[in-house]
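For reference, the structure discussed in these notes is given below.
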Amino acid sequence: GAGVSQSPSNKVTEKGKDVELRCDPISGHTALYWYRQSLGQGLEFLIYFQGNSAPDKSGLPSDRFSAERTGGSVSTLTIQRTQQEDSAVYLCASSPGTSGVEQYFGPGTRLTVT
Amino acid sequence: GESVGLHLPTLSVQEGDNSIINCAYSNSASDYFIWYKQESGKGPQFIIDIRSNMDKRQGQRVTVLLNKTVKHLSLQIAATQPGDSAVYFCAEKGGAQKLVFGQGTRLTINP
């Protein structure tokens, strides 16, 4: 079946511009996660959605970052006034239940801020 | 705070040999420990997990060992194949649903 998809696959933007990154999770998965991966580094948790519960935003690095999940499915991560240090691969994952142990990742969006 | 670290950033093994990837963790309250594999240009892929009340779990060609005394986790891959070349991440999960990932070990399989 279809996996997690993300768009765009690559995004180049100028410093100070806003960007929106999209994630389409696997159908029926109630949990959705956003992570950031800098070059050669591990994954940094950003935000977690579970069903209709309030999201866990504890990983968002600043108030320039926000995310929403509409209708319990598609999610958008928005970065306002982008900075060069925002350059990274942004990964989305979904999982079917509440354990969060086995997460299914998308291919990521590579963001470059010039 | 939570942190998960790895002993070695790179590991090279001969095709057909066994490989062992190590990981140290610091959060004794984590209830699951997980290994993910990330191939170039792709998102991480779940390999295997182990619950904190276990010390060993086997999968297909992989074995995960958990030593809670020294807070150490390892992934053993038997009879490595070229397709095993990737970056391997350990991760831990505590009470919250998020995973805390380590920095990764790059495994290279030499022909």
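Residue numbers (my numbering), protein chains in the order written: chain Y, -12 to 101; chain F, 1241 to 1351. Built from N, CA and C at the ideal position, the CB exists for glycine as well. Owing to the predicted nature of the structure, the values given are computational and were not obtained by experimental measurement.
Beta-carbon within less than 7 angstroms of Val(-1)(Y)'s beta-carbon, same chain only, minus the 5 sequence neighbours each way: which residues are those?
Translated into positions along the first sequence, residue -1(Y) becomes position 12. Here the set comprises Thr99, Thr101.
Would DSSP call Asp50(Y) helix, strand or coil?
Stepping through the first sequence from its first residue, residue 50(Y) is reached at position 63. Coil, per DSSP.
Could you check the C-alpha separation between Ile1349(F) and Leu1251(F) for me, to the nearest Å?
As a working mapping, residue 1349(F) is identified with position 109 in the second sequence. As a working mapping, residue 1251(F) is identified with position 11 in the second sequence. Ile1349(F) and Leu1251(F): Cα-Cα distance of roughly 9 angstroms.
Whole-Å CB distance - Val88(Y) paired with Asp1289(F), under 8 angstroms assumed
As a working mapping, residue 88(Y) is identified with position 101 in the first sequence. As a working mapping, residue 1289(F) is identified with position 49 in the second sequence. Between Asp1289(F) and Val88(Y) the Cβ distance is about 5 angstroms, and since that is below 8 angstroms, they are a contact.
8 angstroms Cβ shell around Thr85(Y) - same chain, five flanking residues per side excluded:
In the first sequence, counting from the first residue as 1, residue 85(Y) sits at position 98. These residues qualify, in order along the chain: Thr17, Ala18, Gln37.
In this structure, does DSSP put Asp1324(F) in helix, strand or coil?
Counted from its first residue, the second sequence places residue 1324(F) at position 84. Looking at Asp1324(F) - three-state DSSP - the assignment turns out to be helix.
According to DSSP, is Glu1242(F) part of a helix, a strand, or is it coil?
For this step, residue 1242(F) is matched to residue 2 along the second sequence. Residue placement at Glu1242(F) is poorly supported in this model, since its pLDDT is 42, which falls under 50; the coordinates still yield a value, given next. Note: Glu1242(F) maps to coil in three-state DSSP.
What do you reckon, are the CB atoms on Cys79(Y) and Ser53(Y) nearer than 8 angstroms?
Against the first sequence, residue 79(Y) aligns to sequence position 92. Against the first sequence, residue 53(Y) aligns to sequence position 66. No. Outside cutoff.
Glu1279(F) in three-state terms, based on DSSP:
Here residue 1279(F) is taken as the residue at index 39 of the second sequence, counted from 1. Of the three classes helix, strand and coil, the one that applies to Glu1279(F) here is coil, per DSSP.
Ranges of the alpha helix (DSSP H) found wholly within the region 66 to 94 of chain Y, counting only runs of at least 4:
none
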